[in-house]
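Counting in full-length UniProt numbering, the sequence shown runs without a single skipped number right up to 240 at its last residue.
We put the beta carbon where it would ideally sit given N, CA and C, even for glycine.
The structure appears right after this line, and notes come after that.
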Amino acid sequence: MQVAKPVGRNASALKYDILSALGVSALAGDKHRQRLMLRLIVLITTRYNWQINELSIGRAEIARLWSVDERTVKREMARMRSAGWLEVKRAGVKGRVTVYAFDLDAVLSGTADSWDTIGADFTARMQARHGGAGTSEGPGAAPDPNVIPFQPLTTRGRGGVADGLWAQVLTRLHAEAPALTNAWFGQLSEMAHEDGRVTLAAPSRFVAGYVSTHLMTQLLAAYSALDPSVRRIEVIAAGV
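As structure tokens, this is what we get:
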């Protein structure tokens, strides 16, 4: 995972940030999302070991914490695993409960649409952590130098400068969605563009995954409006 581990001097700030992101994102969703994310928060706050990234708990105990039956627990835990939030670290055997691990990147990627609701400083901290900078000191910290605002003439591209079609795409995206461009599209660079296929590089797996999952429609529309031959875009993590 690219996100900083919530241990050490700034552990408390990062833990609060994670829980804040989950809570605000839950409140912005429907009742089913709210309930699922509240159940996730309860697991984190009651039984999760932050230092070793382990959730060691049996189905019966979860059912008691959630005030549901074990069948509901089985279904909801499967939903969390399907979303990529949880993975089985050690399968349960007779006399031992299943041990889970949280993928904090996956958890937070599902909340990114709500970061700006908390505040611009929160968004900057999350971007810095996911970008691998890992230098944010928590609330009140100065903006990380690796969080780059949108600059149409100097945004990274092949050779370090966005030019040609990619620069036009970024300008179009910024005109339509400046916040998304500042937060996400501006971090990308064009690696290849041929035969109707575009390959873009992102600074981390988190950014690549988020753009691919949540923002591909806008990205493809902007490219296609300027070059109708573009039919496919792939976003990869640079250096991975």
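Opposing strand residues paired with residue i [DSSP bridges]
{"i": "Glu-190", "result": "Leu-200"}
{"i": "Tyr-100", "result": "Leu-55 and Val-88"}
{"i": "Asn-49", "result": "Glu-54"}
{"i": "Val-93", "result": "Arg-96"}
Helix, strand or coil at residue i according to DSSP, with G and I counted as helix
{"i": "Ile-41", "result": "helix"}
{"i": "Val-235", "result": "strand"}
{"i": "Pro-178", "result": "helix"}
{"i": "Ser-12", "result": "helix"}
{"i": "Thr-213", "result": "helix"}
{"i": "Gly-119", "result": "coil"}
{"i": "Ser-67", "result": "coil"}
{"i": "Asp-30", "result": "coil"}
{"i": "Thr-111", "result": "coil"}
{"i": "Asp-105", "result": "helix"}
{"i": "Ala-78", "result": "helix"}
{"i": "Asp-227", "result": "coil"}
{"i": "Ala-83", "result": "coil"}
Residues of its chain near residue i, where Cβ-Cβ distance is below 7 Å and the 5 sequence neighbours each way are ignored
{"i": "Asp-116", "result": "Thr-123 and Ala-179"}
{"i": "Val-97", "result": "Ser-56, Ile-57 and Gly-58"}
{"i": "Arg-39", "result": "Trp-66 and Glu-76"}
{"i": "Tyr-223", "result": "Val-169, Val-198, Val-230 and Ile-233"}
{"i": "Glu-70", "result": "Arg-59, Ala-60 and Ala-63"}
Closest Cα partner of residue i within the set the options
{"i": "Ser-56", "options": "Leu-19, Val-169 and Ile-44", "result": "Ile-44"}
{"i": "Val-230", "options": "Asp-195, His-214 and His-174", "result": "Asp-195"}
{"i": "Trp-208", "options": "Met-37, Ser-25 and Ala-106", "result": "First, the amino acid is wrong: residue 208 is Ala here, not Trp. Nearest option by C-alpha distance: Ala-106."}
{"i": "Ala-101", "options": "Trp-85, Thr-111 and Lys-94", "result": "Trp-85"}
{"i": "Arg-205", "options": "Leu-220, Asp-103, Tyr-223 and Leu-165", "result": "Asp-103"}
{"i": "Ala-201", "options": "Trp-166, Asp-227, Glu-87 and Gly-119", "result": "Trp-166"}
Same chain, Cβ closer than 8 Å to residue i, five either side skipped, listed in chain order
{"i": "Thr-72", "result": "Ala-63 and Trp-66"}
{"i": "Arg-75", "result": "none"}
{"i": "Leu-19", "result": "Ile-41, Ile-44 and Thr-45"}
{"i": "Thr-213", "result": "Ser-109"}
{"i": "Val-24", "result": "Thr-111, Ser-114, Thr-117 and Ile-118"}
Spatial neighbours of residue i in its chain, beta-carbon cut-off 6 Å, leaving aside the 5 residues before and after
{"i": "Val-211", "result": "Trp-184 and Val-235"}
{"i": "Arg-232", "result": "Arg-197"}
{"i": "Met-126", "result": "Trp-115"}
{"i": "Val-99", "result": "Glu-54, Ser-56, Lys-89 and Arg-90"}
{"i": "Glu-87", "result": "Ala-101"}
Residue i versus residue j - alpha carbon distance
{"i": "Ala-192", "j": "Ala-237", "result": "14 Å"}
{"i": "Ala-177", "j": "Met-216", "result": "13 Å"}
{"i": "Pro-203", "j": "Leu-188", "result": "7 Å"}
{"i": "Trp-50", "j": "Val-42", "result": "14 Å"}
{"i": "Lys-89", "j": "Val-169", "result": "42 Å"}
{"i": "Glu-54", "j": "Glu-190", "result": "38 Å"}
{"i": "Thr-171", "j": "Ser-109", "result": "25 Å"}
{"i": "Gly-186", "j": "Ala-120", "result": "16 Å"}
{"i": "Ala-26", "j": "Leu-36", "result": "8 Å"}
{"i": "Leu-219", "j": "Asp-113", "result": "16 Å"}
{"i": "Ala-91", "j": "Leu-22", "result": "26 Å"}
{"i": "Leu-226", "j": "Arg-33", "result": "37 Å"}
{"i": "Ala-133", "j": "Arg-47", "result": "No answer about Ala-133 holds up, because its pLDDT of 35 lies below 50 and its placement is not dependable."}
{"i": "Gly-78", "j": "Ala-175", "result": "The residue you asked about is not Gly; residue 78 is Ala in the sequence shown. So the two alpha carbons sit approximately 40 Å from each other."}
{"i": "Ile-52", "j": "Pro-228", "result": "49 Å"}
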